[in-house]
Amino acid sequence: MKYSVCMAIFSLLMLSCGGKDNGSQEATEDNSQLVEDLQGVWLDDNTEMPILKVKGDSIYMNSKGSVPFSFSVSGDTLVSHGVDRTVYRIKRLSANTFQFYTLAGDLVTLHKSDNDALEFSFQEAPKPSDEVIKKDSVFLWGGKRYRGYVYINPSTRKVIRPGMTEEGLNVDNVYYDNVIHICVYQGRQKLFSKDISKDLLANTVPADFLNSAILSDMDFVGVDDKGYHYRATVCIPDGMSCYYVDLTATSGGDVAYKLRQ
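In the working numbering, the protein residues as written are -15 to 245.
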């Protein structure tokens, strides 16, 4: 009798577990089908402009300067995993129609393109500029003439910042940091030279700000008995927030950094 009861309970448990597995498997298959339906280039219903491309588990936005980001789909929710995690509620998704709500509650309606040429509207990632900006200034001190140079060199170091498209969709924008070469001459004699990157400002500029900023500019601002003076500008790309750092360099190669208040 005890054996029969135990077997009955065991059978019920197995059926219960099997039901959960089947439900989970069905949900996974449904989500996989949604991801499959999303593959391709999607156009705005009103303007016929390409808005986004889905390839594999990545979304490419038709936004200059943006980079692709991964996504996941679960039921009626699409989650973008960019700099910021963003959740969009899906109203309708089929092989040719995609409707979802932005964070502001606006309904976006897209249809799939059958023109493969539109693939070229979506670039993998913008390339860094190869333009070097050169500046120089002259100061007189102690009856001597000093010329300071600044060379702003684009680097391949990326800074990713969240942004938003005209349609109200979150997007990750990429910017490239700079390495700035500074040097001071008296006539043909080089008195000082050094490459400055934003890493050298780590003990001066708050870390949270520095991680999201680029070293955007530098100016030679004077000479005195303490050394050669430069002023660095560190800014959030496409923003209004900047820090200014005063650099004092000596002919011995030492550099002191001080946050300008």
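In this text, a Cβ means the ideal position worked out from N, Cα and C, and glycines have one as well.
In this text, all values refer to a predicted model and were calculated from it rather than measured experimentally.
Own chain, CB closer than 6 Å to residue i, minus 5 neighbours either side, in chain order
{"i": "ALA240", "result": "THR232"}
{"i": "LYS242", "result": "ASP230"}
{"i": "ASP201", "result": "THR217"}
{"i": "ASN157", "result": "GLY49, SER50, ARG145, GLY147"}
{"i": "LYS118", "result": "TYR135"}
{"i": "ASP90", "result": "GLY152"}
Beta strand (DSSP E) segment containing residue i, residue limits
{"i": "ALA216", "result": "211 to 219"}
{"i": "LEU124", "result": "117 to 125"}
{"i": "LYS39", "result": "34 to 39"}
{"i": "SER113", "result": "Element bounds for SER113: n/a, residue is neither H nor E."}
{"i": "MET45", "result": "42 to 45"}
{"i": "ARG76", "result": "69 to 77"}
{"i": "LEU243", "result": "239 to 243"}
Residues that DSSP places opposite residue i in a beta bridge
{"i": "ILE166", "result": "VAL134, LYS178"}
{"i": "MET202", "result": "ALA216"}
{"i": "ASN154", "result": "MET148"}
{"i": "LEU22", "result": "LEU22 is not bridged to any residue."}
Best match in the options for proximity to residue i [C-alpha to C-alpha]
{"i": "GLY132", "options": "ASP203, GLU151, HIS65", "result": "ASP203"}
{"i": "VAL19", "options": "VAL143, SER78, PHE53", "result": "SER78"}
{"i": "ARG69", "options": "SER56, ASP60, THR81, ARG76", "result": "SER56"}
{"i": "TYR47", "options": "ILE35, ASP41, SER54", "result": "Checking the sequence, you will find Ser at residue 47 rather than Tyr. The residue with the shortest Cα to Cα distance from SER47 is ILE35."}
{"i": "SER183", "options": "CYS167, LYS174, ASP161", "result": "It is worth fixing the name first, because residue 183 is Asp in this sequence and not Ser. The shortest C-alpha separation from ASP183 is found at ASP161."}
{"i": "ASP179", "options": "PHE193, ILE164, TYR72, ARG129", "result": "ILE164"}
{"i": "GLU115", "options": "HIS213, VAL122, PRO138", "result": "PRO138"}
{"i": "TYR228", "options": "LYS210, GLY127, THR188", "result": "THR188"}
Local conformation of residue i per DSSP, three classes
{"i": "SER50", "result": "strand"}
{"i": "LEU27", "result": "strand"}
{"i": "ASP208", "result": "strand"}
{"i": "ASN187", "result": "coil"}
{"i": "SER16", "result": "helix"}
{"i": "ASP60", "result": "coil"}
{"i": "LEU87", "result": "coil"}
{"i": "ASP230", "result": "strand"}
{"i": "ASP161", "result": "strand"}
{"i": "SER139", "result": "strand"}
{"i": "ARG129", "result": "strand"}
{"i": "THR81", "result": "strand"}
Where the alpha helix (DSSP H) through residue i begins and ends
{"i": "LEU194", "result": "191 to 195"}
Spatial neighbours of residue i in its chain, beta-carbon cut-off 7 Å, leaving aside the 5 residues before and after
{"i": "SER58", "result": "ASN15"}
beta-carbon residue i near the ligand HEM non-hydrogen atom, thresh 8 Å
{"i": "LEU22", "result": "Ligands in the displayed structure: none, and consequently the ligand HEM is not present."}
Close-in-space but distant-in-sequence residues of the same chain around residue i (CB under 8 Å, 5 per side omitted)
{"i": "VAL63", "result": "PHE55, SER56, VAL57, ARG69, THR70, VAL71, TYR72"}
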